[in-house]
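Okay, structure first, notes after.
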Amino acid sequence: MDAVDFLIIGGGTAGIPVATRLAERGHSVLIIEAGENVSASPEVRIPGLFVENLKNLQLNWAFTSTPQEHAGGRVIPLPRGKSLGGSSNINFMQLNRPSAQEFNDAFAAFGIEGWSYEDLLPYYRKFESLTANPEAFSTAHVQPDSAVHGDHGPLAVTVPVGTTPTRELFFKAMNELGVKTLSDCANGNNVGTWNSFQAIEGKGCTRASADTAYLIPSLAKLPNLRVLSGAYVTRIIFDSSTNEGDVVATGVEYTKGDSTHSVKANKEVIICAGTYQTPQILELSGIGDHDILSKFGIKTLVHSPGVGANLREVMESSSFYPSTVQPAPEPGKAHVSFHLALQYPLSRGTVHINSSDPLDRPVINPNFLAEDIDTENLLVACGFARKLASTKVFSEAIVKEISPGPAIGDVEGLKEYIKDNFFVVYHPVGTAAMLPKELGGVVDSKLKVYGAKNVRVVDASIFPIEFSVHPMATIYAVAEKAADIIGGST
Numbered sequence: 001m002d003a004v005d006f007l008i009i010g011g012g013t014a015g016i017p018v019a020t021r022l023a024e025r026g027h028s029v030l031i032i033e034a035g036e037n038v039s040a041s042p043e044v045r046i047p048g049l050f051v052e053n054l055k056n057l058q059l060n061w062a063f064t065s066t067p068q069e070h071a072g073g074r075v076i077p078l079p080r081g082k083s084l085g086g087s088s089n090i091n092f093m094q095l096n097r098p099s100a101q102e103f104n105d106a107f108a109a110f111g112i113e114g115w116s117y118e119d120l121l122p123y124y125r126k127f128e129s130l131t132a133n134p135e136a137f138s139t140a141h142v143q144p145d146s147a148v149h150g151d152h153g154p155l156a157v158t159v160p161v162g163t164t165p166t167r168e169l170f171f172k173a174m175n176e177l178g179v180k181t182l183s184d185c186a187n188g189n190n191v192g193t194w195n196s197f198q199a200i201e202g203k204g205c206t207r208a209s210a211d212t213a214y215l216i217p218s219l220a221k222l223p224n225l226r227v228l229s230g231a232y233v234t235r236i237i238f239d240s241s242t243n244e245g246d247v248v249a250t251g252v253e254y255t256k257g258d259s260t261h262s263v264k265a266n267k268e269v270i271i272c273a274g275t276y277q278t279p280q281i282l283e284l285s286g287i288g289d290h291d292i293l294s295k296f297g298i299k300t301l302v303h304s305p306g307v308g309a310n311l312r313e314v315m316e317s318s319s320f321y322p323s324t325v326q327p328a329p330e331p332g333k334a335h336v337s338f339h340l341a342l343q344y345p346l347s348r349g350t351v352h353i354n355s356s357d358p359l360d361r362p363v364i365n366p367n368f369l370a371e372d373i374d375t376e377n378l379l380v381a382c383g384f385a386r387k388l389a390s391t392k393v394f395s396e397a398i399v400k401e402i403s404p405g406p407a408i409g410d411v412e413g414l415k416e417y418i419k420d421n422f423f424v425v426y427h428p429v430g431t432a433a434m435l436p437k438e439l440g441g442v443v444d445s446k447l448k449v450y451g452a453k454n455v456r457v458v459d460a461s462i463f464p465i466e467f468s469v470h471p472m473a474t475i476y477a478v479a480e481k482a483a484d485i486i487g488g489s490t
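Residues in the sequence shown are numbered consecutively from 1, following the UniProt record's numbering.
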C-alpha cells in the first residue's frame, strides 16, 4: 500500500468511528492497530467476563505506574485495550454523559469554543441506538428524554436488565438523604441518583463496541476503508525539506513482525492511540518537550511542553458491609459495597518516553494523591458512605462495617487507609490537552497539533480535566464531531 488520504493510528473507541465516517465520505482510510480483530470472540462479547478479559494480554496492554511517592511506593495496574475496538472491548460498558456545566469548565473557560454540551449533543445522538422495553426502563428508574437520545446510530445502548435488592435500597437511602433520583442522566444534568446506560446489544445481551458497531459492518461495503492489525506505529514521518512554518506529516513508520514499513498520507495523520500512547508517538516523532527529546537523541521538530503532561486519573476508595438481603453466590458471602470515586482529581502526572526505542513502554506516573485536597475529598466521601450506611433503609439491611472498619475512625487512620487501599477507575485523560498552547495545550479546537500542519489527535488525551462520568460516551461523541471537522476542512 503506497498511500491513503488519512492514516489513523489506533483502531480503538475513537479511531474506528473517525475512520469509518471519513471513509463514508469517499476518502481512502487506513487504520493501523497493534492489536487484532476479536469481534467474534465469545469471551469479549459476554459482558460479565470483562474482569476476566483484563487478565488477557492479547486484549490489554497491561501498563503499570511508576512507584507512587504519595501512596507508599505502590505500583498501580493501568489496563488499556489492545485490539480492534480498543478499550471498548474490555471496559465496564458504561455510557453516561457529563453535566453541561462541565464542558464550560473544561473548554469554554479557557477560550476553547465549539465544545459545549449543546455542540456535542447532536454527536451523542448520532452514535447511539437506544432500545429497551418499557418494563426494563421502569425497573431501572429510567424515563429517557427522546430529545437527547438517538435511536438510529451504530452503537446499541440499553439499560440494566432486572434489579437487585441492594440497588433498590441504594435509591431509597439516597432519597432519604435528600439526593433525588434522576429519570435521565444524559440530559445535561447528572447530579443525583441514577442508573447508567450501557453499551450492550439488548436482544442478545452482548457487548457493543467500536469494532462491532462501526468497523465490521463498514468493511463489507467500504472498499476504501482498510485495516492493518498487528502493526505497531513507531513514528510519524515529517517532510524534512522545509524549515519554515508548521511541520508537515507525509506518513508513518510501523513495524509488523520483524519488518519495518512505511505508508504515506495524502492528507492527514490522525492519532487515536489513547492517553498513554498518543504522547509517546508524538515524542518519538519529535513533538514534545525539547529537554525530554534531547535526552534520548530525538530531534525536536516542535517544542511542545504540554505533550505527556497533565495526566489525570480517577481514584476510588471503598467501604464494605455484610448484608442481610443481597442474594449471595456462596453462603455467608453477601455484602454491600460503596465505591467512592474521586471524579475531579487535582493531582496531575505525566506520560513520557523511556528511550528512543518505540517498543519501550512509556513511563507513566499518575502522581496519585500528590495534592492534599484529593485525600481530603476522599475523606469526605468516606464520611458520606458511613452516613449512607446509617440511614434507616440501610441500617436494617447491613450488619457492620468491615472496611475501613469501626476501629479506623480518626482522620489520620482514614488517610492511611485511603493511601494503602485506593484503586483506579481506568479513565486516564489529559496528556494532549485541547487548551491554548500557553496553558499547556497540545491541540487546538480543531484537534490539530500545535506546530504540525496536518496532524490531529482524537481520543481521551485531549480532555484537559476529568469528567464526572465514564468517558466512553464522550469519546464516541468527540470522534463523531472530529469526523465532521476533518471532513469539512479537507
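The beta-carbon is built from N, C-alpha and C at its ideal position, and this holds for glycine as well. All of these numbers come straight from a predicted model, not from anything done at the bench.
Scan the stretch 267-337 and note each continuous alpha helix (DSSP H) run of 4 residues or more that stays entirely inside, going in chain order. 274-284, 290-295
Helix, strand or coil, according to DSSP, for H352 in the structure here? Start at 1 with the first residue of the sequence shown, and residue 352 comes out as number 352. Strand, per DSSP.
Cβ-based burial, E52 [other Cβ within 10 Å; buried from 16]: Walking along the sequence shown from the start, residue 52 turns up at place 52. That one is exposed.
Hey, which unbroken runs of the alpha helix (DSSP H) at 4 residues or more fall wholly within the stretch 349-401? 372-389, 392-395
I think S319 touches C382, with their Cβ atoms under 8 Å apart; what is that distance to the nearest whole Å? By one-based count along the sequence shown, residue 319 stands at place 319. By one-based count along the sequence shown, residue 382 stands at place 382. Their Cβ separation, rounded to whole angstroms, is 7 Å, which keeps S319 and C382 in contact under 8 Å.
Could you check the C-alpha separation between N189 and S116 for me, to the nearest Å? Counted from its first residue, the sequence shown places residue 189 at position 189. Counted from its first residue, the sequence shown places residue 116 at position 116. Their Cα atoms are separated by approximately 13 Å.
On the DSSP bridge list, what partners appear for V429? The residue labelled residue 429 in the question sits at position 429 within the sequence shown. BP columns for V429 point to R312.
Can you tell me whether DSSP reads I32 as helix, strand or coil? Here residue 32 refers to the residue found at position 32 when the sequence shown is read from its first residue. If DSSP states are grouped into helix, strand and coil, I32 belongs with the strands.
Check whether L439 and F127 have beta carbons under 9 Å apart: Working through the sequence shown from its first residue, we reach residue 439 at position 439. Working through the sequence shown from its first residue, we reach residue 127 at position 127. Not closer than 9 Å, so no.
With DSSP collapsed to three states, give me the class of H27. Translated into the one-based positions of the sequence shown, residue 27 becomes position 27. The answer is coil: DSSP assigns H27 none of H, G, I, E or B.
What is the DSSP secondary structure of A14, counted as helix, strand or coil? Here residue 14 corresponds to residue number 14 of the sequence shown, with the count starting at 1. A14: coil per DSSP, three-state reduction.
What are the start and end residues of each continuous alpha helix (DSSP H) run of 4 or more residues lying completely inside the stretch 119-152, in chain order? 134-139
How should A328 be labelled, buried or exposed, when 16 other C-beta atoms within 10 angstroms of its C-beta is the threshold for buried? Position 328 of the sequence shown, counted from the start, is the residue given in the question as residue 328. Its pLDDT being 48, under 50, A328 is placed unreliably in this model, and the value from its coordinates should be taken loosely. Counting Cβ neighbours within 10 Å, A328 comes out exposed, since fewer than 16 surround it.
Euclidean distance between Cα positions of V443 and Q277: For the purposes of this step, residue 443 is taken as the residue at position 443 of the sequence shown. For the purposes of this step, residue 277 is taken as the residue at position 277 of the sequence shown. Computed Cα separation, rounded: 16 Å.
Going by other Cβ atoms of all chains shown within 10 Å of its Cβ, with 16 needed for buried, is F423 buried or exposed? Residue mapping note: residue 423 aligns to position 423 of the sequence shown, counting from 1. Only exposed fits F423, as fewer than 16 other CB atoms lie within 10 angstroms of its CB.
On the premise that T66 lies in contact with I364, defined as a C-beta separation below 8 Å, what is that separation, rounded to the nearest angstrom? Position 364 of the sequence shown, counted from the start, is the residue given in the question as residue 364. Position 66 of the sequence shown, counted from the start, is the residue given in the question as residue 66. Going by Cβ atoms, the distance from I364 to T66 rounds to 7 Å, so yes, they are a contact pair.
What do you get for Q58, buried or exposed, if any count of 16 or more other CB atoms within 10 angstroms of its CB means buried? For the purposes of this step, residue 58 is taken as the residue at position 58 of the sequence shown. By the 10 Å Cβ count, Q58 comes out exposed.
Could you give the residue range of the beta strand (DSSP E) that holds R74? The sequence position of residue 74 within the sequence shown is 74, counting from 1. Note, R74: premise wrong, no beta strand (DSSP E); not H, not E.
So what's T66 in DSSP terms, helix, strand or just coil? Walking along the sequence shown from the start, residue 66 turns up at place 66. Here T66 sits in coil by DSSP.
Close beta carbons around A210, own chain, < 6 Å, minus the five adjacent residues each side: The count along the sequence shown starts at 1 and reaches residue 210 at position 210. For A210, where only same-chain residues beyond five positions count, the Cβ hits under 6 Å are T13, I16, G85, S88.
Going straight from the alpha carbon of F338 to that of G35, what length do you get? Mapped onto the sequence shown, residue 338 falls at position 338. Mapped onto the sequence shown, residue 35 falls at position 35. Cα to Cα, the separation comes out at about 35 Å.
Contact check, E316 vs P345 under 8 Å by CB: the rounded distance? Locating residue 316 in the sequence shown gives position 316, where the first residue counts as 1. Locating residue 345 in the sequence shown gives position 345, where the first residue counts as 1. Not confirmed; about 11 Å, so no contact.
Contact defined as beta carbons within less than 8 Å: I believe V269 pairs with A249. What is the distance between those atoms, to the nearest angstrom? On the sequence shown, residue 269 is found 269 positions in, with the first residue counted as 1. On the sequence shown, residue 249 is found 249 positions in, with the first residue counted as 1. Yes, V269 and A249 are in contact; Cβ-Cβ is about 4 Å, under 8 Å.
Cβ-Cβ distance between L130 and D151 below 9 Å: Position 130 of the sequence shown holds residue 130. Position 151 of the sequence shown holds residue 151. Taking 9 Å as the cut-off, the beta carbon of L130 is found closer than this to the beta carbon of D151.
Please report the distance separating the alpha-carbon of P165 from that of V336. Counting from 1 along the sequence shown, the entry for residue 165 is found at position 165. Counting from 1 along the sequence shown, the entry for residue 336 is found at position 336. Roughly 10 Å separates the two Cα atoms.
Give me the residue from I31, G306, L78 with the minimum Cα distance to K437. If you number the sequence shown from 1, residue 437 lands on position 437. Here the closest residue by C-alpha is G306.
Please classify C205 as buried or exposed, where buried requires at least 16 other C-beta atoms within 10 Å of its C-beta. On the sequence shown, position 205 is the one that residue 205 refers to. Classification of C205: exposed, given that the 10 Å Cβ count is below 16.
Here's the rule I'm using: 16 or more other beta-carbon atoms within 10 Å means buried, otherwise exposed. How should A477 be labelled? Sequence index remark: in the sequence shown, residue 477 carries index 477 (1-based). Its Cβ being crowded by 16 or more others within 10 Å, A477 is buried.
Cutoff 9 Å: V478 Cβ touching any chain B Cβ: In summary, chain B is missing from the structure at hand, where a single protein chain is found.
So if DSSP puts M434 in a beta bridge, which residue, or which two residues, is it bridged to? Translated into the one-based positions of the sequence shown, residue 434 becomes position 434. Partner(s): V443.
On the premise that A108 lies in contact with V148, defined as a C-beta separation below 8 Å, what is that separation, rounded to the nearest angstrom? Along the sequence shown, read from residue 1 onward, the residue named residue 148 stands at position 148. Along the sequence shown, read from residue 1 onward, the residue named residue 108 stands at position 108. About 20 Å separates the two Cβ atoms, so there is no contact after all.
Taking DSSP's pairing of strands, which residues face Y254 in a bridge? As a first step, residue 254 is located in the sequence shown; it is residue number 254 there, counting from the start. According to DSSP, which records beta bridges pairwise, Y254 is partnered with V233, H261.
Coarse secondary structure for N190, derived from DSSP in three states: For this step, residue 190 is matched to residue 190 along the sequence shown. DSSP places N190 in coil when its eight states are reduced to three.
Let me know the secondary structure DSSP gives F92 once reduced to three states. Within the sequence shown, the letter at position 92 stands for residue 92. Coil.
Near G202, which residues of its chain fall below 7 Å by C-beta distance, leaving aside the five closest residues on each side in sequence? Locating residue 202 in the sequence shown gives position 202, where the first residue counts as 1. T131, A132, A156, T158.
Where the beta strand (DSSP E) through A3 begins and ends: In the sequence shown, counting from the first residue as 1, residue 3 sits at position 3. Unbroken beta strand (DSSP E) run through A3: 3-9.
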